[in-house]
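Enquirer:
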Amino acid sequence: MVVVMAPEATQEDIEAVVELVRAAGGDAFVSRGVSRTIVGLVGDVQDFEALNLGARRGVLQVMRVSAPYKLVSREHHAARSVIRVGGVPIGPGTLSLIAGPCAVESAEQTLQAALLARKAGASLLRGGAFKPRTSPYSYQGLGEAGLRILAEVRAETGLPVVTEVIDPADVDMVASYADMLQVGARNMQNFALLQAVGRSGRPVLLKRGLSATIDEWLSAAEYIAQRGNLDIVLCERGIRTFESATRNTLDISAVPVVQRLSHLPVIVDPSHSGGRRDLVVPLARAALAAGADGVIVDVHPRPDQALCDGEQALTGDDIREIADAVTILSPLMGRSLAMPLAARPGTRRVARAN
Ligand code: PEP
Ligand code: MN
Numbered sequence: 042m043v044v045v046m047a048p049e050a051t052q053e054d055i056e057a058v059v060e061l062v063r064a065a066g067g068d069a070f071v072s073r074g075v076s077r078t079i080v081g082l083v084g085d086v087q088d089f090e091a092l093n094l095g096a097r098r099g100v101l102q103v104m105r106v107s108a109p110y111k112l113v114s115r116e117h118h119a120a121r122s123v124i125r126v127g128g129v130p131i132g133p134g135t136l137s138l139i140a141g142p143c144a145v146e147s148a149e150q151t152l153q154a155a156l157l158a159r160k161a162g163a164s165l166l167r168g169g170a171f172k173p174r175t176s177p178y179s180y181q182g183l184g185e186a187g188l189r190i191l192a193e194v195r196a197e198t199g200l201p202v203v204t205e206v207i208d209p210a211d212v213d214m215v216a217s218y219a220d221m222l223q224v225g226a227r228n229m230q231n232f233a234l235l236q237a238v239g240r241s242g243r244p245v246l247l248k249r250g251l252s253a254t255i256d257e258w259l260s261a262a263e264y265i266a267q268r269g270n271l272d273i274v275l276c277e278r279g280i281r282t283f284e285s286a287t288r289n290t291l292d293i294s295a296v297p298v299v300q301r302l303s304h305l306p307v308i309v310d311p312s313h314s315g316g317r318r319d320l321v322v323p324l325a326r327a328a329l330a331a332g333a334d335g336v337i338v339d340v341h342p343r344p345d346q347a348l349c350d351g352e353q354a355l356t357g358d359d360i361r362e363i364a365d366a367v368t369i370l371s372p373l374m375g376r377s378l379a380m381p382l383a384a385r386p387g388t389r390r391v392a393r394a395n
């Protein structure tokens with residue numbers, strides 16, 4: 042931490058800061074410049090924060106120089122992590138395609154979407170049973186009945202399931218059906234939810250908030266990690282900018298930036314970024330070429346009848362295009378395409394009881 046003293050700070054003000062820091066068990070080093078003095082602090086940042094140095098006389102600014110997250114940082118864990126979801130790896134060395142409907146609407150629609158996902162080369166099935174909709178009048182999802190459909194479709198297709206949870210009180214129930222819990226963009230800073238999924242024992246897909254900085258996103262991941270769960274995959278899904286031609290602006294630079302800061306895998310959602318079917322495959326290609334560990338895309342057997350986000354769902358010929366993108370790009374990026382256990386020779390998936 043660095044304390045910048047105001048130009049009018051007196052010697053007494055500077056000494057008071059140094060004494061406080063030393064009394065808290067840290068050390069302080071004073072550097073005098075031409076126009077101002079800065080005090081560098083060495084020790085536990087949390088102890089220093091409790092001193093509220095910013096409110097002391099003569100202090101202009103207090104700045105953190107280390108990241109506000111530890112457990113998810115590469116500083117403490119240099120090797121990039123591989124997370125396993127229902128036995129399927131996500132992380133360096135593999136390229137994961139996650140696909141499925143935005144929302145679970147019926148058993149038939151979900152199964153058809155899962156078959157499209159499998160045809161595209163997906164190793165995991167996505168699908169929302171609890172939908173965090175901007176308007177309370179929009180389709181809210183089937184709730185637990187939707188989770189039962191997802192479990193049935195998993196048993197039929199062998200695809201492990203990732204699904205969103207929006208209420209901390211529902212985490213255990215959703216975790217009893219899902220292989221991975223999704224925390225959506227709108228809930229990225231729902232700290233009670235982050236802590237609950239952190240205790241759930243299930244891997245977590247943490248989407249970036251609509252207007253979240255990378256630091257805020259990684260701090261949100263730290264909440265999950267702090268509860269003992271390091272099985273976290275980060276998902277860039279576009280951010281709010283002045284641009285209105287697309288639903289969100291895909292921040293492609295987030296992929297290498299986050300991979301440098303954090304050991305957690307990073308995937309990209311080109312469907313919710315662009316918001317338009319014609320953009321999904323080009324954005325997916327860009328994400329994979331930038332080094333993303335995978336992509337998550339919406340697919341639907343009849344997008345014109347979809348109850349949620351039909352305009353961005355892939356279908357028909359698009360399935361071959363996304364399949365080509367992942368199969369062509371994976372060897373170029375030095376990765377092998379992740380496969381569900383059921384699709385691997387010599388393995389058989391046992392259906393779960395729930
Ligand atoms: C979703 O993936 O279904 C979703 C709602 O996405 P986001 O939270 O990124 O808006
Ligand atoms: Mn959606």
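Residues in the sequence shown are numbered consecutively from 42, following our numbering. All C-beta atoms in this analysis are idealised placements derived from N, C-alpha and C, irrespective of residue type, glycine included.
Under 5 Å, CB to any heavy atom of the ligand MN. Which residues pass, going along the chain?
Expert: Cys143 and Asp350
Enquirer: Look up Glu60 in the DSSP assignment and say whether it is helix, strand or coil.
Expert: As a first step, residue 60 must be located in the sequence shown, where it is residue number 19. Glu60: helix per DSSP, three-state reduction.
Enquirer: Counting C-beta neighbours from all protein chains within 10 Å, is the total for Gln353 16 or more, i.e. buried, or is it exposed?
Expert: One-based indexing of the sequence shown puts residue 353 at position 312. Counting Cβ neighbours within 10 Å, Gln353 comes out buried, since at least 16 surround it.
Enquirer: Any heavy atom of the ligand PEP inside 7 Å of the beta-carbon of His304?
Expert: On the sequence shown, residue 304 is found 263 positions in, with the first residue counted as 1. Flag unset: Cβ of His304 not near the ligand PEP.
Enquirer: Are the Cβ atoms of Gly199 and Gly168 separated by less than 8 Å?
Expert: One-based indexing of the sequence shown puts residue 199 at position 158. One-based indexing of the sequence shown puts residue 168 at position 127. Not in contact: Gly199 and Gly168 (Cβ atoms no closer than 8 Å).
Enquirer: Using CA coordinates, which residue listed in Leu222, Ala262, Arg317 and Asp310 is at the minimum distance from Ala286?
Expert: In the sequence shown, residue 286 corresponds to position 245, counting from 1. Taking only the C-alpha atoms, the option nearest Ala286 is Arg317.
Enquirer: Tell me whether Met374 sits in a helix, a strand or coil according to DSSP, three-state version.
Expert: Locating residue 374 in the sequence shown gives position 333, counting from the first residue. Coil at Met374, not helix or strand.
Enquirer: Should Ala226 be listed as close to the ligand PEP, given that the test is whether its C-beta is under 7 Å from any heavy atom?
Expert: Sequence index remark: in the sequence shown, residue 226 carries index 185 (1-based). For the ligand PEP, at least one heavy atom lies less than 7 Å from the Cβ of Ala226.
Enquirer: Could you tell me whether any non-hydrogen atom of the ligand FMN is closer than 7 Å to the CB of Glu352?
Expert: Ligands present in the displayed structure are limited to the ligand PEP and the ligand MN, and the ligand FMN is not among them.
Enquirer: Considering just the uninterrupted stretch of the beta strand (DSSP E) at Thr78, what are its terminal residues?
Expert: The residue given as residue 78 occupies position 37 in the sequence shown. Residues Thr78 to Val83.
Enquirer: Quick test of your reading: Ser122 and Gly132, contact by CB under 8 Å. State the CB separation rounded to the nearest angstrom.
Expert: Your numbering for residue 122 matches position 81 in the sequence shown. Your numbering for residue 132 matches position 91 in the sequence shown. About 6 Å separates the two Cβ atoms, so the contact holds.
Enquirer: Are the beta-carbon atoms of Met380 and Ser164 separated by less than 8 Å?
Expert: As a first step, residue 380 must be located in the sequence shown, where it is residue number 339. As a first step, residue 164 must be located in the sequence shown, where it is residue number 123. Their beta carbons are under 8 Å apart, which means Met380 touches Ser164 by this criterion.
Enquirer: Secondary structure at Gln181, three-state DSSP: helix, strand or coil?
Expert: Along the sequence shown, read from residue 1 onward, the residue named residue 181 stands at position 140. Residue state, collapsed to three classes: coil.
Enquirer: Apart from the five residues on each side of it in sequence, which residues of its chain come closer than 8 Å, Cβ to Cβ, to Val391?
Expert: Stepping through the sequence shown from its first residue, residue 391 is reached at position 350. Note that Val391 scores a pLDDT of 42, beneath 50, so its modelled location is shaky; the value from the coordinates is reported in the next line. Answer for Val391: no residue qualifies.
Enquirer: Between the segment 347–361 and the segment 317–327, are three or more C-beta pairs nearer than 8 Å?
Expert: yes
Enquirer: May I ask you to report which of helix, strand or coil DSSP gives Val88?
Expert: Within the sequence shown, residue 88 is the residue found at index 47, counting from 1. A quick correction: the sequence has Asp, not Val, at residue 88. If DSSP states are grouped into helix, strand and coil, Asp88 belongs with the helices.
Enquirer: How about Val340 and Ala219: are their beta carbons less than 8 Å apart?
Expert: Indexing the sequence shown from 1 puts residue 340 at position 299. Indexing the sequence shown from 1 puts residue 219 at position 178. If you check the CB distance, Val340 and Ala219 do not come in under 8 Å.
Enquirer: Closest to Leu275 by C-alpha separation, out of Leu302, Leu246, Ala192 and Lys111, would be which residue?
Expert: Working through the sequence shown from its first residue, we reach residue 275 at position 234. The shortest Cα separation from Leu275 among Leu302, Leu246, Ala192 and Lys111 belongs to Leu246.
Enquirer: Should the segment 88–100 be regarded as contacting the segment 296–305, the criterion being three or more beta carbon pairs within less than 8 Å?
Expert: no
Enquirer: Cutting at 8 Å between CB atoms, please list the residues of its own chain near Glu56, excluding the five before and the five after it.
Expert: Along the sequence shown, read from residue 1 onward, the residue named residue 56 stands at position 15. Excluding residues up to 5 positions away in sequence, nothing lies with its Cβ nearer than 8 Å to the Cβ of Glu56 in the same chain.
Enquirer: Contact defined as beta carbons within less than 8 Å: I believe Ala366 pairs with Ala325. What is the distance between those atoms, to the nearest angstrom?
Expert: The residue given as residue 366 occupies position 325 in the sequence shown. The residue given as residue 325 occupies position 284 in the sequence shown. 5 Å between Cβ atoms; contact.
Enquirer: Report the start-end ranges of each alpha helix (DSSP H) in the segment 142–195 that is 4 residues or longer and not cut off at the edges.
Expert: 148–161
Enquirer: Any heavy atom of the ligand PEP inside 7 Å of the beta-carbon of Glu205?
Expert: Mapped onto the sequence shown, residue 205 falls at position 164. For Glu205, the CB falls within less than 7 Å of some heavy atom of the ligand PEP.
Enquirer: Does the Cβ of Pro311 lie closer than 7 Å to at least one heavy atom of the ligand PEP?
Expert: Along the sequence shown, one-based indexing puts residue 311 at 270. Pro311 Cβ: outside cutoff for every heavy atom of the ligand PEP.
Enquirer: Whose C-alpha, out of Ala226, Glu49 and Glu149, is nearest the C-alpha of Arg281?
Expert: Start at 1 with the first residue of the sequence shown, and residue 281 comes out as number 240. Nearest C-alpha to Arg281: Ala226.
Enquirer: Apply the 10 Å Cβ neighbour rule to Tyr178 and answer buried if 16 or more other Cβ atoms are within range, or exposed otherwise.
Expert: Sequence index remark: in the sequence shown, residue 178 carries index 137 (1-based). A residue is called buried once 16 or more other Cβ atoms fall within 10 Å of its Cβ, and Tyr178, having fewer, is exposed.
Enquirer: Please check the pair Pro109 and Asp256, which I expect to be a contact at CB under 8 Å, by giving their CB distance rounded to whole angstroms.
Expert: Looking up residue 109 in the sequence shown gives position 68. Looking up residue 256 in the sequence shown gives position 215. Indeed, because the Cβ distance is near 7 Å, the residues count as touching under 8 Å.
Enquirer: Would you list the residues sitting across from Val202 in a DSSP beta bridge?
Expert: Locating residue 202 in the sequence shown gives position 161, where the first residue counts as 1. Per DSSP, the beta bridge partners of Val202 are Leu166.
Enquirer: Taking Ala330 as the reference, give the member of Ala266, Thr368, Ala210 and Arg343 with the closest Cα.
Expert: The count along the sequence shown starts at 1 and reaches residue 330 at position 289. The shortest CA-to-CA distance from Ala330 to any of Ala266, Thr368, Ala210 and Arg343 is the one to Thr368.
Enquirer: For Pro311, does the three-state DSSP call read helix, strand or coil?
Expert: Translated into positions along the sequence shown, residue 311 becomes position 270. DSSP, reduced to helix, strand and coil, places Pro311 within a helical segment of the structure shown.
Enquirer: Taking contact to mean at least 3 C-beta pairs separated by less than 8 Å, is the segment 81–89 in contact with the segment 255–272?
Expert: no
Enquirer: Hey, Ile207 and Phe171 are a contact pair by Cβ (cut 8 Å); roughly how many whole angstroms apart?
Expert: For this step, residue 207 is matched to residue 166 along the sequence shown. For this step, residue 171 is matched to residue 130 along the sequence shown. Confirmed, Cβ separation roughly 5 Å.
Enquirer: When you compare only the Cα positions, how much space is there between Leu136 and Val336?
Expert: Start at 1 with the first residue of the sequence shown, and residue 136 comes out as number 95. Start at 1 with the first residue of the sequence shown, and residue 336 comes out as number 295. For the pair Leu136 and Val336, the Cα-to-Cα distance works out to about 8 Å.
Enquirer: Let me know the alpha helix (DSSP H) ranges lying completely inside the segment 216–247, each 4 residues or longer, listed in chain order.
Expert: 232–239
Enquirer: Could you give the distance in angstroms between the alpha-carbon of Ala65 and the alpha-carbon of Lys111?
Expert: Reading the sequence shown from its first residue, position 24 is the one you call residue 65. Reading the sequence shown from its first residue, position 70 is the one you call residue 111. When rounded, the distance between both Cα atoms is 21 Å.
Enquirer: Taking 8 Å as the cut-off, decide whether the C-beta atoms of Val103 and Met46 are in contact.
Expert: Sequence index remark: in the sequence shown, residue 103 carries index 62 (1-based). Sequence index remark: in the sequence shown, residue 46 carries index 5 (1-based). No; because the gap between Cβ atoms is not below 8 Å, this pair is not in contact.
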